[in-house]
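Accompanying notes for the structure given below.
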Amino acid sequence: MLWFRPTIAESSGTPSQNKVHFYSRWAMDSAKKRSSAASPKAGRKQLLSCHLCPYTTNLRRSLKDHVLTHTGEKRFECKVCSMKFALRFTLKRHMRTHTGEKPYKCEQCPYRSASSSSLVCHMRNHTGDKPYACATCPYLTSRYCDIVKHLRIHTGDKPFKCDQCTYAAASQSTLNRHIRSMHGKK
Numbered sequence: 001m002l003w004f005r006p007t008i009a010e011s012s013g014t015p016s017q018n019k020v021h022f023y024s025r026w027a028m029d030s031a032k033k034r035s036s037a038a039s040p041k042a043g044r045k046q047l048l049s050c051h052l053c054p055y056t057t058n059l060r061r062s063l064k065d066h067v068l069t070h071t072g073e074k075r076f077e078c079k080v081c082s083m084k085f086a087l088r089f090t091l092k093r094h095m096r097t098h099t100g101e102k103p104y105k106c107e108q109c110p111y112r113s114a115s116s117s118s119l120v121c122h123m124r125n126h127t128g129d130k131p132y133a134c135a136t137c138p139y140l141t142s143r144y145c146d147i148v149k150h151l152r153i154h155t156g157d158k159p160f161k162c163d164q165c166t167y168a169a170a171s172q173s174t175l176n177r178h179i180r181s182m183h184g185k186k
């Protein structure tokens, strides 16, 4: 399990009371869906659950697509570069790398993005908001992926393995640098 401490603005009480569980995005979404499902509404569809994780939805198609993220099955293929994706939405977002489409625009600067989540992260540059904090050291960041990478420093986790030798790295970029320098590949 990963933990983070709240930023100073969020802190109150003793340090043990400040400890907040660091959930992945799917766990947070699932918790929201479960809590909203607790108060049934007239005409509401039955809540469906993933048998592999806490994900829930009331749409059969969404559950079917979600389960593919566990099986590794990738049914949607990019016609430009042949990359495959488990979700139709992910393919649609990927296609923007080929078309250059950036429909999400910052209202404070010229920045444009291909995804809404990237724009949300970008907006934190303007606000200074750094909601992700390490429980072990003073590190703060505005991006979820950065705290996940940072926490590997403390855990020693090195999930990126070189297929040429026994080297393992904490990040994809570090592995890529190793492959270029040690194996001469780009």
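Just so you know, UniProt numbering puts 95 at position 95 of the sequence shown, and the rest follows in order with no gaps. The beta-carbon is built from N, C-alpha and C at its ideal position, and this holds for glycine as well. None of the values given here were measured: they were computed from a predicted structure.
Sheet register partners of Leu-112 (DSSP bridge): For clarity, residue 112 is Arg in the given sequence; the question names Leu instead. Looking at the DSSP assignment, Arg-112 forms a beta bridge with Lys-105.
Find the nearest neighbour of Ser-171 within the set Gly-156, Arg-60, Ser-181, His-122, judged by alpha-carbon distance. Gly-156
What did DSSP end up calling Lys-161 once you bin it into helix, strand or coil? strand
Quick one: residues in its chain with C-beta nearer than 8 Å to the C-beta of Thr-69, no 5 flanking neighbours on either side, listed in chain order? Ala-86, Leu-87
Residue from Cys-134, Arg-96, Ala-133, His-66 whose Cα sits closest to the Cα of Ser-116: Arg-96
With 16 other Cβ atoms within 10 Å as the buried cut-off, status of Ile-153: exposed
Same chain only: Cβ atoms within 6 Å of Ser-118, ignoring 5 sequence neighbours per side: none
Under the three-state reduction of DSSP, which class applies to Thr-155: helix, strand or coil? helix
For Tyr-144, does the three-state DSSP call read helix, strand or coil? helix
With H, G and I counted as helix, E and B as strand and the rest as coil, what does DSSP make of His-183? helix
Buried or exposed by the 16-neighbour rule on C-beta atoms within 10 Å, applied to Thr-57: buried
Run through DSSP, which three-state label would Thr-166 get? coil
So what does DSSP say about Ser-171, is it helix, strand or coil? coil
Could I get the ranges of all uninterrupted alpha helix (DSSP H) runs contained in the segment 43-74, with 4 residues as the minimum, in chain order? 60-71
Under the DSSP definition of a beta bridge, which residues are partnered with Tyr-132? Thr-141
Consider the C-beta atom of Thr-97 and the heavy atoms of the ligand NAD; say whether any pair is separated by less than 7 Å. This structure simply doesn't include the ligand NAD, nor any ligand for that matter.
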